[in-house]
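Residue numbers (numbering that gives the first Met the number 0): 0 to 280. Since the structure comes first, as structure tokens, the remarks are kept for the end.
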Amino acid sequence: MLTAGSTTGTAAAKSAAGDLPRKKTAGGTAYHEAGSGEPLVLIHGVGMRLEAWAPQIAFLSAGHRVIAVDMPGHGESAKLPAGSRLEEFVAWFGRFLDEMAIDAANVAGHSMGALVSGGAAATFGERIRRVAYLNGVYRRDPEAKAAVLARAAAIPVTGVDKEGPLARWFGDDPDSVVARELTRKWLNLVDPQGYAVAYAAFAGGDETYADRWKDVQGPALFLTGSDDPNSTPLMATQMAALAPKGWARIVDGHRHMVNLTAPDLVNSLLAEWLSFGEDGR
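Given below as structure tokens:
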């Protein structure tokens, strides 16, 4: 169990408050790029946008070419069709790498972005050098599965739920205050149709690539918060045990948005992951 500093989250969350400049691929995917070196692609979660990675972009671009993407139907990226499953989001990511002429990359995903990054690592072979799976789900239990499927089914009727995620994702600690309000802002900005498509894929995707971690040969980091009720520490340790070069890191006292509430610790863990050779040493 790793303990984060008590004051870094507020300052780092404030750094994510401004909009980052974007470019677009021919296929309509919006992205922000900083730094140079070995590529590192960052994929955010449902309802968010690439600014959610601002603390990581600022830190990791000192040694890498960091590319943060808006997921389909989020930020300024084009939508995927209604009914798209996790496999279609993974295929979208493959097209993005093609459009960016990236032959091989490190990929870090958060939440839904973690599912996409895991699917890419499972299916793209050596094209994914390393994968970091932040606050990602794995084989939800029946109660959690029913709850997330019910939330997905309700979206076309009730619209984007802003308060439910905030209650699940954040505690009342000082590090969460600014991050919570930023997250509220991003949830208010998200396209409802894009959100609905992504959330449905997220709800049904926890087992899509669950049997494939044994095939992921590069270094694989599984990171979550000790108090995350949905992307639990048990899930992280289970996946880490299956991946040949996997390991789990649990951030004590934090929930779902650890990259914003415990950015210094998350940055150091990602730097450690990026320092490992592709043979895991």
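Glycine included, every Cβ here is placed at the ideal spot set by N, Cα and C. All values derive from a computational prediction rather than experimental measurement.
Answer with buried or exposed for residue i, where buried requires no fewer than 16 other C-beta atoms within 10 angstroms of its C-beta.
i	result
methionine 0	exposed
asparagine 187	exposed
valine 315	Within the shown structure, residues of the chain are numbered from 0 to 280, placing residue 315 beyond reach of any answer.
arginine 94	exposed
threonine 2	exposed
aspartate 140	exposed
alanine 145	exposed
serine 274	exposed
alanine 81	exposed
Residues in the same chain with beta-carbon distance under 8 Å from residue i, minus the five sequence neighbours each way, listed in chain order, please.
i	result
glycine 239	As written in the sequence, residue 239 is alanine, which differs from the glycine given in the question. Taken in chain order, the residues that qualify are Ala219, Phe221, Gly245, Trp246, Ala247.
aspartate 18	Glu50
Would you say residue i and residue j are within 8 Å of each other, going by their C-beta atoms?
i	j	result
leucine 79	valine 196	yes
leucine 85	glycine 44	no
glutamate 37	histidine 73	no
histidine 281	asparagine 134	Not covered by the structure: residue 281. The range shown for the chain is 0 to 280.
tryptophan 185	arginine 48	yes
valine 215	alanine 121	yes
glycine 27	proline 164	no
Taking 7 Å as the limit between beta carbons, can you name the residues of its chain near residue i, skipping five residues before and five after?
i	result
tyrosine 137	Asp205, Ala209, Met234, Gln237, Met238
glutamate 125	Ala103
tryptophan 272	Arg129, Ala131, Pro218, Leu220
glycine 158	Pro191
If you drop the 5 nearest sequence neighbours on each side, which residues of the same chain put their C-beta closer than 6 Å to that of residue i?
i	result
lysine 23	Ala29
tryptophan 212	Met238, Leu241, Ala242
Kindly confirm or deny that the stretch 224-231 and the stretch 13-33 touch, where touching means at least three C-beta pairs closer than 8 Å. no
With a threshold of 8 Å, are at least 3 pairs of Cβ atoms found where one atom belongs to the stretch 99-109 and the other to the stretch 165-174? no
Please give me, in chain order, every unbroken run of the alpha helix (DSSP H) with length at least 4 that falls completely inside the stretch 131-195. 141-157, 162-168, 175-188
In chain order, which continuous runs of the alpha helix (DSSP H) of length 4 or greater are located wholly inside the stretch 60-125? 85-98, 111-122
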